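The next block holds one structure in the form of structure tokens; read it before the comments.
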Amino acid sequence: MATNLELDDALVYRAMQLTGIRTKRGLVEAGLQALIRQYEQQEVRDLRGRLHWGDRPAAPPRRKGA
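Right, dumping it as structure tokens:
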């Protein structure tokens, strides 16, 4: 899908330095993948304590700030 984006040059430069990704397209794709992964991981974390695995006890409650 072709899309035109106006990106912050300093942000793009810093991301390229940190990741070693050499193209803006690569940065955008990596960023989208990271964003999706972050939200999917949150969905899994939201299930904590709601799933029961046979005879195994439920996980203990998490400490605040952990």
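Note that numbering that gives the first Met the number 0 gives residue 2 to position 3 of the sequence shown, counting from 1, and the numbers run on in steps of one. For every residue, glycine included, the Cβ atom is placed at its ideal position computed from N, Cα and C. On a predicted model such as this, the values are computed, not experimentally measured, just so you know.
Close Cβ partners of Ala29 (< 7 Å) along its chain, the five nearest in sequence each way excluded: Cβ-Cβ distances below 7 Å link Ala29 to Thr18 and Ile20 in the same chain, with the five nearest sequence neighbours on each side left out; the list follows chain order.
Beta-carbon gap between Ala9 and Leu26 smaller than 9 Å: no
Check whether Gly48 and Ala33 have beta carbons under 9 Å apart: With contacts defined as CB atoms closer than 9 Å, Gly48 and Ala33 fail to qualify as a contacting pair.
Backbone secondary structure at Asp54 - three-state DSSP: Three-state DSSP puts Asp54 in coil, outside helix and strand.
Start and end residues, alpha helix (DSSP H) containing Thr2: That residue, Thr2, is in no alpha helix (DSSP H); it is neither H nor E in DSSP.
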